[in-house]
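Listed in order, the protein sequences are those of chains A and B.
Letter 121 of the first sequence, counting from 1, is numbered 121 in my numbering, and no numbers are missing.
One gets my numbering by counting positions in the second sequence from 1 and adding 1000 to each.
Protein chains: 2
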Amino acid sequence: MKKNDEQSLSFLGLGIMGKPMAKNLLKAGYSLNVHNRSQKPVDELKKQGAQKANTPKEAAENSNIIITMLPNSPDVESVVLGENGIIEGAKAGQIVIDMSSIEPLVSQRIAGELGKKGVEMLDAPVSGGEPGAIKGELAIMVGGKEKIFKKCLPIFNVLGKSAVLVGDVGAGGFAKLANQIIVAMNIAAVSEAFVLGQKAGLNPEKLFQAIRGGLAGSNVMDAKIPLITERNFHPGFKIKLHDKDIKNVLKTAADLQVPLPLTELIEQIMTSLLADGKGELDHGGMIRYFEKLAGVEVRTL
Amino acid sequence: MKKNDEQSLSFLGLGIMGKPMAKNLLKAGYSLNVHNRSQKPVDELKKQGAQKANTPKEAAENSNIIITMLPNSPDVESVVLGENGIIEGAKAGQIVIDMSSIEPLVSQRIAGELGKKGVEMLDAPVSGGEPGAIKGELAIMVGGKEKIFKKCLPIFNVLGKSAVLVGDVGAGGFAKLANQIIVAMNIAAVSEAFVLGQKAGLNPEKLFQAIRGGLAGSNVMDAKIPLITERNFHPGFKIKLHDKDIKNVLKTAADLQVPLPLTELIEQIMTSLLADGKGELDHGGMIRYFEKLAGVEVRTL
């Protein structure tokens, strides 16, 4: 990416995901205003050439495209629509890209408010976790207008290995929720299968080799079974964050009147894991719930 | 495979899976005795060079290796241990390969009975369905002694694209049950995710493209989503057969004291599908349960 002087960006939210994403934009030559609740990552980014914005409003006043990467729906609502929020500084023609994983119905409401001022919005949550953010290899699921998506594609190309426009605003978030349902349930699937196998005396590595090439094969199995058999639950993506996403799935599903019986049960399991102090583990650690039920650990015999 | 005169085989059970498997063994040059409850597939195989065995006992008297491919545990028990069963005709040193998908604890009991006469047994269930059986591309999960496995490997190489020795007798069946847990639950996972997406207004093909490359990707998603969006539920592998496997999972899990909360719920869902007359559909048709709950169909908008 060459420097694009027409696009001065702001990046709000320099957490585990946001900080490496902002760094990649700086490296790609973008001029970047940054804002974060705590000061330390702001100082780190300033050393690499970023300017500090004191408030989301100030960030919006000083850039054409404002990217947000925040924990959850209320944070995005507050940063965009709250006091000294983006909406107070934004002008018609500007673009807000929210890359947080939040309730898509909230994204749609926020986009509606911004739209009243002529400000465009994309919701663009990501998959790939901290490693994907660091390497600029996120999978980006985007909702919004095609014209705006195309305008922002150079930015997505810095941050991710793929960016797919799924539909209108909110569609990125719906796709992310669908993604998180599948990932959680596929982890539960290998958990139940491998716990049964272990109790039956199977070597989990041989079981893995016997079934991974068939219809049971999945990216979850390939990514998580080697870690599980080594008893490595270092995150990765924490159970407590996946739990946040599943809670957003269930809120959204209730709003849309979509019963999700298995996802409901997944949420009960995650709640139990949180109660058991396992929230900081990688989501592959979901297997610990099933192991506890059966009194066995999946490890090489 | 060249003809191996030392190995005269019997093949018992010429159903959807067994008939094409037997044909492949004939094509590979094996001398084959066949037996089946109904006469029609026996006649078909005879035209291709097979000999008819009137009973399992007679088959065992006339061959060194006896392969069974039968619907469920009681069928295998009856054909191996029942009146005029294999055990009445078998001699020490012979080998029974049961390729049916049955309860592994039943496989172990049958192997114990055969062992008293010095007859060896492998349990070797398969994955890949009718197309895999026809093409000789099954994935074969084998339990038994390594020496016996190696002796039978030329046969497995005719029938399948892979054969993995997972452990002692019963281990093949346990691996198959683990496989079937994962396949069923991964179908449920894409079902809940895509039904939510549909209700949210997403184009399922775009959703598929947006998430298939990430952690949510799976062989189930790649195999079933294109069929589902075309509303093609032609089997493939029928829901009623997958239901049989899940019932065997739950029986086995109860015997081994392994609680499987999600698989229990899958069984409730399959029971509802059977009650709704959907047992003959491909197991990708499990999505019909979730679609009915939400009042929507996953199809391209």
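Note that CB positions come from ideal geometry on N, CA and C, so glycine has one too.
From residue i to residue j, what does the alpha carbon distance come to, in whole angstroms?
{"i": "A:I181", "j": "A:K240", "result": "14 Å"}
{"i": "B:L1301", "j": "A:V166", "result": "12 Å"}
{"i": "B:I1016", "j": "B:M1221", "result": "25 Å"}
{"i": "A:P20", "j": "A:G214", "result": "37 Å"}
{"i": "B:A1050", "j": "B:D1043", "result": "9 Å"}
{"i": "A:L293", "j": "B:P1259", "result": "6 Å"}
{"i": "B:K1224", "j": "A:S101", "result": "27 Å"}
{"i": "B:K1145", "j": "A:G201", "result": "15 Å"}
{"i": "A:K40", "j": "A:G160", "result": "25 Å"}
{"i": "B:F1174", "j": "B:M1099", "result": "13 Å"}
{"i": "B:K1046", "j": "B:S1038", "result": "14 Å"}
{"i": "A:I269", "j": "A:H234", "result": "19 Å"}
{"i": "A:A139", "j": "B:L1256", "result": "41 Å"}
{"i": "B:L1273", "j": "B:G1285", "result": "9 Å"}
{"i": "B:G1295", "j": "B:S1191", "result": "13 Å"}
{"i": "A:G13", "j": "A:I66", "result": "11 Å"}
{"i": "B:I1095", "j": "A:G217", "result": "31 Å"}
{"i": "B:T1252", "j": "B:E1103", "result": "7 Å"}
{"i": "B:S1010", "j": "B:G1236", "result": "27 Å"}
{"i": "B:N1004", "j": "B:K1150", "result": "Note on B:N1004: pLDDT 46, under 50, position unreliable in the model; no value is reported."}
{"i": "B:P1071", "j": "B:E1088", "result": "21 Å"}
{"i": "B:K1238", "j": "B:G1279", "result": "6 Å"}
{"i": "B:V1142", "j": "B:A1163", "result": "7 Å"}
{"i": "B:E1061", "j": "B:K1117", "result": "14 Å"}
Here's the rule: buried if 16 or more other CB atoms are within 10 angstroms of the residue's CB, otherwise exposed. What is residue i?
{"i": "B:D1276", "result": "exposed"}
{"i": "B:S1063", "result": "buried"}
{"i": "A:H242", "result": "buried"}
{"i": "B:N1054", "result": "exposed"}
{"i": "A:R288", "result": "buried"}
{"i": "B:H1035", "result": "buried"}
{"i": "B:H1283", "result": "buried"}
{"i": "A:P74", "result": "exposed"}
{"i": "A:A254", "result": "exposed"}
{"i": "B:E1230", "result": "exposed"}
{"i": "A:E83", "result": "exposed"}
{"i": "A:K206", "result": "buried"}
{"i": "B:K1023", "result": "buried"}
With a threshold of 8 Å between beta carbons, is residue i in contact with chain B?
{"i": "A:P125", "result": "no"}
{"i": "A:M185", "result": "yes"}
{"i": "A:N11", "result": "Sequence check: residue 11 of chain A is Phe here, not Asn. Chain B contact via Cβ: absent."}
{"i": "A:P261", "result": "yes"}
{"i": "A:V169", "result": "no"}
{"i": "A:I181", "result": "yes"}
{"i": "A:S8", "result": "no"}
{"i": "A:F156", "result": "no"}
{"i": "A:E192", "result": "yes"}
{"i": "A:K3", "result": "A caution first: A:K3 carries a pLDDT of 45, below 50, which makes its placement in the model too unreliable to give a value."}
Closest by CA to residue i, which one among the options?
{"i": "A:G170", "options": "A:L105, A:F149, A:K147", "result": "A:L105"}
{"i": "A:Q198", "options": "A:F290, A:G217, A:E137, A:L265", "result": "A:F290"}
{"i": "A:F156", "options": "A:G144, A:M185, A:A124, A:G129", "result": "A:A124"}
{"i": "B:K1135", "options": "B:K1244, B:K1027, B:G1089, B:G1279", "result": "B:K1027"}
{"i": "A:K91", "options": "A:E103, A:N72, A:V79, A:L114", "result": "A:L114"}
{"i": "A:K247", "options": "A:G13, A:P56, A:K176", "result": "A:K176"}
{"i": "A:A133", "options": "A:M69, A:I211, A:P261", "result": "A:M69"}
{"i": "B:Q1108", "options": "B:D1168, B:E1088, B:P1071", "result": "B:D1168"}
{"i": "B:I1228", "options": "B:I1086, B:V1195, B:L1265", "result": "B:V1195"}
{"i": "B:L1265", "options": "A:I110, A:M185, A:I148, A:L81", "result": "A:M185"}
{"i": "B:I1110", "options": "B:N1232, B:S1078, B:E1130", "result": "B:S1078"}
Distance cutoff 8 Å, beta carbons only. Does residue i sit that close to anything in chain A?
{"i": "B:G1049", "result": "no"}
{"i": "B:P1104", "result": "yes"}
{"i": "B:A1189", "result": "yes"}
{"i": "B:L1177", "result": "yes"}
{"i": "B:E1267", "result": "no"}
{"i": "B:V1258", "result": "yes"}
{"i": "B:F1149", "result": "no"}
{"i": "B:S1272", "result": "no"}
Along chain D, which residues have their Cβ under 8 Å away from the Cβ of residue i?
{"i": "A:V164", "result": "Included in the structure are the protein chains A and B, with no chain D among them."}
Quiz item: What residues in the stretch 1128–1145 of chain B bring their beta carbon closer than 8 Å to a beta carbon of chain A?
Solution: From the stretch 1128–1145 of chain B, only G1128, A1139, M1141 have a Cβ closer than 8 Å to chain A.
Quiz prompt | Within 8 Å of chain A by C-beta, residues of the stretch 1194–1220 of chain B in sequence order | solution = Per Cβ criterion, the list reads F1194, V1195, L1196, G1197, K1199, A1200, G1201, L1202, N1203, K1206, L1207, Q1209, A1210, I1211, G1213, G1214, L1215, A1216, G1217, S1218, N1219, V1220.
Quiz item: Listed in chain order, which residues of the stretch 1054–1088 of chain B have Cβ atoms closer than 9 Å to some Cβ of chain A?
Solution: Closer than 9 Å at the C-beta level to chain A, one finds no residue of the stretch 1054–1088 of chain B.
Quiz item: Of the residues that make up the stretch 1276–1300 of chain B, which ones have a beta carbon closer than 7 Å to any beta carbon in chain A?
Solution: For the stretch 1276–1300 of chain B, which is checked against every Cβ of chain A, the residues closer than 7 Å are L1293, A1294.
Quiz item: In chain order, what residues of the stretch 13–40 of chain A put their CB closer than 8 Å to some CB of chain B?
Solution: Of all residues in the stretch 13–40 of chain A, none places a beta-carbon less than 8 Å from a beta-carbon of chain B.
Practice problem: Closer than 9 Å, Cβ to Cβ, to anything on chain B: give me those residues from the stretch 234–255 of chain A, in chain order. | Solution: Result list: F237, V249, T252, A253.
Quiz prompt | Under 8 Å (Cβ pairs) to chain B, residues found in the stretch 89–119 of chain A | solution = Taking 8 Å as the Cβ-Cβ cut-off against chain B, the residues of the stretch 89–119 of chain A that qualify are P104.
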